[in-house]
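Here's the structure, in structure tokens; my notes come after.
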Amino acid sequence: MSKLLVKADRGHGRVAHVTPQNAGWTYVGFDLHRLRPGETVSGQTADREVCLVFVTGKGKAKAGGNDLGLLGERMSPFEGKPWSVYVPQGSDWSVTADTGLELAVCSAPGLGGGLPVRVIAPKDLGQEVRGKGTNTRYVTNILPEGKPADSLLVVEVITPGGHTSSYPPHKHDQDNLPAESYLEETYYHRLNPPQGFAFQRVYIDADRNGARSLDEAMAIEDGDIVLVPKGYHPCAACHGYDLYYLNVMAGPKRTWKFHNAPEHEWLMKA
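Counting from 1, one number per residue, gives the positions in the sequence shown under the numbering used here.
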């Protein structure tokens with residue numbers, strides 16, 4: 001199995017745990033919790049900031065000493081928009097499940113920005129359609145560049161069955177602004193119906209001998225997480241199975257500037 005593919009546990013509790021240490025990088029962390037009604041998960045942000053994303057289900061949230069009440073409404077990631085909570089560094093947080101709950105904990109370094117805890121409601125989220133034809137996908141911006149945070153960028157995407165996404169292939173692995181930014185990235189994938197599968201390739205440009213030091217093609221199943229430390233990272237959803245993914249990105253500068261694969265950039269004009 002590819003070292004870039006993380007299989008979430010099938011049970012309850014913390015079912016996935018990605019840290020800068022076990023991922024072999026510097027910025028992005030991603031935990032996934034599946035809770036039964038009445039179960040609680042809590043944490044301390046320490047020197048990191050966190051975005052709690054209610055992927056599915058409802059729960060009572062607290063953060064930074066504030067009671068945020070009952071959050072969440074959708075029971076499938078393929079329906080509607082999520083509720084989320086931004087929690088700055090130096091804060092505690094907790095969520096108690098009211099229904100079955102899938103909670104994503106997205107994290108990155110705090111930079112001492114002194115930002116407050118805030119609830120990000122569905123009505124606050126912008127949506128956009130990207131691509132054309134069988135490259136069409138639907139994007140919900142949870143924590144985009146234009147909203148306050150120190151390091152985190154968080155977005156979710158629905159790719160219909162038979163469509164491609166993160167395509168034409170692009171990368172963001174060079175700290176070379178304004179042309180390109182360095183951003184590590186995780187993809188948390190869900191499939192509808194859940195027995196389906198999709199594909200994702202993570203690769204870098206070939207050297208002058210035609211060799212690639214990173215070239216991983218992965219079959220993605222419901223609940224899988226893909227790590228993108230560098231390189232291009234397109235996805236393809238198979239016919240009959242819609243693909244959801246939650247992206248977490250972070251790097252030395254909080255901006256998303258990507259570089260298209262030159263040999264495929266013609267697709268942008270086709």
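All C-beta atoms in this analysis are idealised placements derived from N, C-alpha and C, irrespective of residue type, glycine included.
Note that this is a predicted model, so its numbers are computed, not measured.
What whole-angstrom Cβ distance do residue i and residue j have, given they're in contact under 8 Å?
i    : j    : result
D31  : V105 : 4 Å
I142 : P82  : 7 Å
F258 : K171 : 6 Å
L214 : I225 : Contact doesn't hold; Cβ gap of about 17 Å is too wide.
C238 : G161 : 6 Å
L227 : V6   : 7 Å
V41  : S2   : Their Cβ separation, rounded to whole angstroms, is 28 Å, which puts V41 and S2 out of contact at 8 Å.
V248 : L152 : 7 Å
G113 : D150 : 5 Å
G64  : Q89  : Actually they are not in contact, since the Cβ atoms of G64 and Q89 sit about 10 Å apart, beyond 8 Å.
Nearest CA to the CA of residue i: which residue from the options?
i    : options                : result
H233 : S165, P193, E263, K257 : S165
E128 : E156, S151, E102       : E156
V28  : F258, A261, P252, L68  : P252
R36  : Q21, K60, P20          : K60
A108 : V87, G126, E102, R118  : V87
L68  : T40, T99, V117, E216   : V117
G231 : A217, G223, D98        : A217
P229 : L183, P169, T134       : L183
L4   : Y241, G133, F199       : F199
F197 : L101, Y244, W25        : Y244
H264 : V248, P193, P169, V50  : P169
T96  : K62, G113, A16, L111   : K62
V15  : G223, A179, R254       : G223
P193 : V55, D242, Y187, R10   : D242
G98  : G38, V55, E49          : Looking at the sequence itself, residue 98 is Asp, so the reference to Gly does not match. Considering only alpha carbons, the answer is G38.
A8   : G210, A236, Y187       : Y187
A261 : A121, V18, I120, A206  : A206
G133 : G126, W25, H163        : H163
R137 : K269, R34, A236, R254  : A236
G80  : D124, Q44, G11, G13    : D124
G131 : V18, Y167, V154        : Y167
N281 : K269, T45, V119        : Nothing can be reported for residue 281: it is not among the residues displayed for the chain, which extend from 1 to 270.
R190 : V18, R254, I158, D47   : I158
A46  : T19, Q21, D92, R212    : D92
R10  : F54, G240, E221, R254  : E221
L70  : E49, A121, R254, P20   : A121
Given the structure, does residue i come close to the ligand GTP, in the sense that its CB is under 7 Å from one of the ligand's heavy atoms?
i   : result
T19 : Among the ligands in the structure shown, none appear at all, so the ligand GTP cannot be discussed.
Would you give the residue range spanned by the beta strand (DSSP E) that residue i belongs to?
i    : result
P20  : P20 -> not in any beta strand (DSSP E); alpha helix (DSSP H) instead, spanning 20 to 23.
P310 : The chain is shown from 1 up to 270; residue 310 falls before or after that span and cannot be answered.
T136 : Careful: T136 lies outside any beta strand (DSSP E) and carries neither H nor E.
E180 : 180 to 182
R36  : From DSSP, R36 is part of no beta strand (DSSP E); its letter is neither H nor E.
T317 : Nothing in the structure corresponds to residue 317, since the chain is present only between 1 and 270.
R48  : 48 to 56
L5   : 5 to 7
N176 : 173 to 176
K60  : 59 to 63
G43  : 40 to 44
D224 : 224 to 228
Among all the DSSP beta bridges, which residues are the ones paired with residue i?
i    : result
Q200 : M218, C235
L191 : L243
L153 : M249
S165 : C235
E79  : According to DSSP, which records beta bridges pairwise, E79 is partnered with nothing at all.
V85  : L52, V119
G126 : N141
W93  : G43, A63
E73  : Per DSSP, none; premise fails for E73.
H170 : N260
H12  : BP columns for H12 are empty, so no partner.
D31  : H17, V105
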